[in-house]
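**Q** This is the structure I have questions about; it appears just below.
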Amino acid sequence: MQRCFELAKLGDGFVAPNPMVGAVLVHNDRIIGEGYHQHFGEAHAEVNCINSVKENDKHLISESTLYVSLEPCAHYGKTPPCADLIIKHKIPKVVISVQDNFHLVNGKGIERLRDLTADKHGNNIEVITGILEAEGKELLKHFLYFHQNKKPFITLKFAQSKDGFIGIKGKEVAISNELSKRYVHKLRAEHQGILVGKNTVITDNPSLTVRYSNGKNPFRIILGNEDDFSKELNIFNNEAETIFLSVDRQQLTVDKALKELYKKNIISVLVEGGANTLQQFIDANEWNEAVVITSDKNLIQDSTFDIQHSVKAPIITGTLQHSFSLEDNNISVLKNSNVLSNS
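Every letter in the sequence shown is one number past the one before it in this note's numbering, and letter 253, counting from 1, is 253.
Written out as structure tokens, the structure reads:
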């Protein structure tokens, strides 16, 4: 099953809102086929796995065990049901890590396979579930959370100085180093959308794209009205699609924003700023994970200007999952234990 997870991760940044899935076909302890879901709307992992079997091994498919990280689908979407493909190839045993909680699947794929155990044609498919389930759910946390809770998985990200500031108004301040920036772009690629507030767009003119990592550019999600911004800003270029969230020029609540994103089928969002936007998500307890980048340098010097114009970092508490250093930056990944899990 670990090999399934490794394969599934190759689709990270390319398959959302679909889940990352990997599949391996094994005959007598020998892998004869493997595949993963590569791009949204294209063939699923099971299809690519079976298609990868060499001609000389095709006769072994009906004697093999299929390992798959997520329950095979049983409905027609952009592709035919994978459960039907498994039945067609008379694969006798299927080992699954996680049951799919998408309402069109949610056990129906497993049921479809198991219903044929006593089939007169002799399919006799054995289905085993829950193998390395915790690891599988971690891999699929964005997808599972979205479908269980009807809102996107939210990751907060900000960089702060050693003395607890994220910037100085009117000044361009670099807190993250080059390695940290590359790490952030990897985070962007792992999420389907990047969200920032109006002031961040006007002040920083960010591109909000993936430039230093593999993956397609996420949706740029802006809290504000489109006509509030100059068309010369980077958010209007054609490098990524930009979504504006607003309610008749009134302040958009976090709850309403999440509902709008759910309607748009965006399963995961990286909230990058500014401080006020981040704090709104924290105060509403609408976040799942947080990535805090802390420099080993103080930002505020001994001057009245710096103190008066400094911007304090958001106040956040959570369970530390892990931490690591990238040169002079320390990266802490926090989990919000007060939100619903994927179980």
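From the three backbone atoms N, C-alpha and C, an ideal C-beta is built for every residue, glycine too.
#1: Roughly how many angstroms separate the alpha carbons of residue 71 and residue 128, rounded to a whole number?
#2: Run through the DSSP bridge pairs and tell me what residue 136 is partnered with.
#3: Using DSSP bridges, identify the partner residues of residue 96.
#4: Would you list, in sequence order, the uninterrupted alpha helix (DSSP H) runs of no fewer than 4 residues that lie entirely inside the region 263–315?
#5: Alpha carbon to alpha carbon, how far is residue 298 from residue 39? Give it in angstroms, no decimals.
#6: Can you give the Cα-Cα distance for residue 214 and residue 283, rounded to whole angstroms?
#7: Return the CA-CA distance between residue 151 and residue 106, expressed in angstroms with no decimal places.
#8: Rounded to whole angstroms, what is the Cα-Cα separation between residue 258 and residue 296?
#9: Using C-beta distances below 7 Å, list every residue in its chain close to residue 278, excluding the 5 sequence neighbours before and after it, in chain order.
#10: Note the first and the last residue of the continuous beta strand (DSSP E) segment covering residue 27.
#11: For the beta strand (DSSP E) holding residue 322, just list the boundary residues, first then last.
#12: Spatial neighbours of residue 43 within its chain, please: C-beta separation below 7 Å, excluding the five flanking residues on both sides.
#13: Who are the Cβ neighbours of residue 114 in its own chain at under 6 Å, not counting the five residues just before and after it?
#14: Using only the alpha-carbon positions, how far apart do residue 164 and residue 224 sit?
**A** In this structure, then:
#1: 10 Å
#2: None; residue 136 has no bridge partner.
#3: 68
#4: 275–283, 304–308
#5: 43 Å
#6: 33 Å
#7: 18 Å
#8: 34 Å
#9: 156, 158, 271, 314
#10: 22–27
#11: 319–326
#12: 79
#13: 127
#14: 27 Å
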